[in-house]
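Numbering (the numbering used here), first residue to last: 5 to 115.
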């Protein structure tokens, strides 16, 4: 599959989650941060790399089955869920707070 990049930050809310999911469904890289706000759901089936940080808050859900690398940090808070089964590298910190769930079985070392 050919690489497709989205340049800019992705700020997902409950009101715009469907628009973002449709817009980014074939994107393999995001050059910017991804912020999934409370009660929003974001699924990025083709996303392989985020050149920035990923923030998931409240009861939000972030799912990226092909995501392998995050160049910044990952921050998951509240009752949020982060699922990235292919994730192998996070350059910054990984912070999981409260009752949040972080699932990335291939991630061996945070840095």
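Ideal Cβ positions, reconstructed from N, Cα and C, are used throughout, including at glycine.
Residue nearest to residue i in terms of C-alpha spacing, selected from the options
i: residue 102; options: 68, 62 and 19; result: 62
i: residue 96; options: 112, 86, 78 and 90; result: 78
i: residue 81; options: 25, 58 and 111; result: 58
i: residue 84; options: 98, 66, 93 and 90; result: 66
i: residue 56; options: 111, 13 and 106; result: 13
i: residue 45; options: 76, 21 and 28; result: 21
i: residue 35; options: 7, 17 and 47; result: 7
i: residue 23; options: 48, 37, 32 and 11; result: 48
Simplified DSSP assignment, three categories, for residue i
i: residue 37; result: coil
i: residue 29; result: coil
i: residue 23; result: helix
i: residue 117; result: Any answer about residue 117 is impossible in this case: the structure gives the chain only from 5 up to 115.
i: residue 112; result: coil
i: residue 53; result: strand
Assumed close pair residue i, residue j - CB separation to whole angstroms, cut-off 8 Å
i: residue 39; j: residue 15; result: 5 Å
i: residue 72; j: residue 42; result: That pair is no contact at about 27 Å.
Range of the contiguous beta strand (DSSP E) that encloses residue i
i: residue 11; result: 9–11
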